[in-house]
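Report on the following structure.
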Amino acid sequence: MSASFQEKSTWIKLAAMVACMGLYFVIAVQMLTNGVRDFGAFGLIFMQMTVLMVVVLAAGHGVVAALGRQEAPDERDRLISCKANHRSSWVLAVGVCCGLAGLALSVDAVWVAHGLLLSLVLAEVLHDILRLVSFRRGV
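Adding 45 to a residue's 1-based position in the sequence shown gives its number in the working numbering.
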């Protein structure tokens with residue numbers, strides 16, 4: 046069974062997210078361990094990684110669209126996405142609770158911000174993985 050456009054799109058999104066945000070977090074951890082606490086420095090790196098991710102997503106989707114036909118999401122695709130959202134949202138919720146606890150414990154705001162961003166990225170990665178598993182299982 047060949048992959049649908051939605052499945053290929055999910056693979057592209059997952060690869061772009063892991064590569065670009067993974068690189069951002071590697072750089073951010075190095076900066077944090079070197080004592081950088083200026084949000085502007087992190088913001089510049091984050092914007093660069095975001096632009097890179099947009100370029101990778103646009104190029105990947107352009108190639109997939111050029112090589113095959115793009116079909117609109119059907120009921121199965123919507124159900125898969127809904128189930129994946131439901132099953133991955135707890136990661137973001139736990140991250141937000143930990144961020145609130147960090148603020149209550151006077152943890153440095155730059156650490157809290159990166160913890161919140163990490164929980165968002167992990168939730169999206171889990172969402173994409175769950176979608177891919179569902180596509181392969183034929184749910």
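Just so it is clear, CB atoms sit at the ideal spot from N, CA and C, and this is done for glycine as well.
Query                                                                                                                   : Result
Nearest residue (CA-CA) to T55, options S164, S126 and L167                                                             : S126
Three-state secondary structure (DSSP) of H182                                                                          : Note on identity: in this sequence residue 182 is Arg, with His being the wrong assignment. The answer is helix: DSSP assigns R182 an H, G or I state.
Environment of L124 [buried if 16+ CB atoms lie within 10 Å]                                                            : exposed
Separation of H172 from T95, as counted between CA atoms                                                                : 19 Å
Cut-off 7 Å between Cβ atoms - residues of its own chain near L97, not counting five sequence neighbours on either side : C65
Cβ pair V178, V63 closer than 8 Å                                                                                       : no
Complete runs of the beta strand (DSSP E) confined to the region 108 to 163 [at least 3 residues]                       : none
Residue environment, V184, which counts as buried when at least 16 other CB atoms sit within 10 Å                       : exposed
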